[in-house]
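Below: the structure, in structure tokens.
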Amino acid sequence: MAVDYNNDLLLITAASGKQATALLPHLAPRFKRLRLQCISDSSRKRLQEEYPNAEAIQSDFSDLTKAKTLLKGVATCYLITPAFHPREAQHGINMVDAATQNYRCGEGPFKHLIFSSVIHSSIRAMANHDNKRYVEEALVDADIPYTILQPTHIMDTTPIRMIAEQETPVFKARFDPRTEFSFVCTYDIGEAVAKIIMHREQHLYATYQLVSTSEPLNYVEAMGIVSQVIGKTVRIERLSVDEAVEGFRGLIAAGTPEQDSQALLSNAARMFVYYNRNGLKGNSNVLQMLLGRKPLEYREWVERQLK
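Per the UniProt record's numbering, the sequence shown starts with residue 1, numbered consecutively.
Pasting the structure below:
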């Protein structure tokens, strides 16, 4: 079951996203065979330029045929599903089904599927959590070698550099800034996932909660930390749910059908409403074990972002 860096084909989905961007520098120097999935042509071109020895593929996995094509010849897959998509669960299940066929029927050398889920996937009030719950269930039922990762609220969604560059810094809160969260940063996620991929035999059939911060904090406290680091007071501007949803529209990929776009916006609204009352809390001990060091606290992450 040891990783063969020369021959194992490694597939990473959503390869142009935040998680993969932090992960790839750990893997590209080691793996001779990389397959990077993305949605847009611009992402494909950028990935191909940045990783010329990798195979960058512009595709989705909205049906089983596409999933099987992506997984052809793959030994390890790091699966990131399209968050907020109305058929996110089906996308993930397609990949699980395709991997299962490869593993059981000898169609390929499949050895390990690592699924990037979410902390507390049992929360049905948020579609981006509920959808991942179904993928987790399908993966466990499939009886193939897997690892499930459950990252909490990601620090990197806050544009620290942009805030720091403003003469009068403003943080636009898309929900109640007093809601407490345990945070994780993609720097820690990338390092942990790389270790799991490279030492898979130590992590098979595990479910890991990924949390960086040792204690929960809210965005009032977080922006207080940012203010101290940059030497300027960050003012918090609370957005309405409608304003927050409208801002989310810019994150939807070009060419997305209008019906899907509306569903994406509705799912984002569900999250903002939930965060107005409830946060996400977890424990950093598991991530510390995976990293072999203490994960980054919020201040350390801010300082790192501004280097």
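Every residue gets a Cβ at the ideal spot worked out from N, C-alpha and C, and that includes glycine.
- Within the region 145 to 215, the complete beta strand (DSSP E) segments of 3 residues or longer fall at 146 to 151, 170 to 173 and 206 to 210, listed in chain order.
- Between the region 213 to 222 and the region 182 to 192 there are three or more C-beta pairs closer than 8 Å, enough to call the two in contact.
- Taking 8 Å as the cut-off, the Cβ atoms of lysine 18 and aspartate 156 count as close.
- With contact defined as three or more Cβ pairs closer than 8 Å, the region 22 to 36 and the region 48 to 64 are in contact.
- About 7 Å separates the beta carbon of valine 74 from that of arginine 35, a gap short enough to meet the 8 Å contact definition.
- For the pair glutamate 137 and glutamine 202, the Cα-to-Cα distance works out to about 22 Å.
- When C-alpha distances from glutamate 191 are compared across Leu64, Ala164, Tyr274 and Leu290, the shortest belongs to Leu290.
- Note that the C-beta distance between threonine 152 and valine 211 is below 8 Å.
- Your pair asparagine 128 and valine 118 checks out as a contact, with CB atoms roughly 7 Å apart and the cut at 8 Å.
- For leucine 10, the uninterrupted beta strand (DSSP E) segment begins and ends at 9 to 12.
- The alpha-carbon separation between serine 266 and arginine 249 amounts to approximately 11 Å.
- About 14 Å separates the beta carbons of alanine 99 and isoleucine 148, which is beyond the 8 Å limit, so they are not a contact pair.
- In this structure phenylalanine 171 does not touch isoleucine 230 by the C-beta definition: roughly 12 Å separates them, more than the 8 Å allowed.
- As for any beta strand (DSSP E) of minimum length 3 sitting wholly inside the region 214 to 252, the runs are 235 to 238, ordered along the chain.
- Judged by DSSP secondary structure, serine 116 falls within the beta strand (DSSP E) whose first and last residues are 112 to 116.
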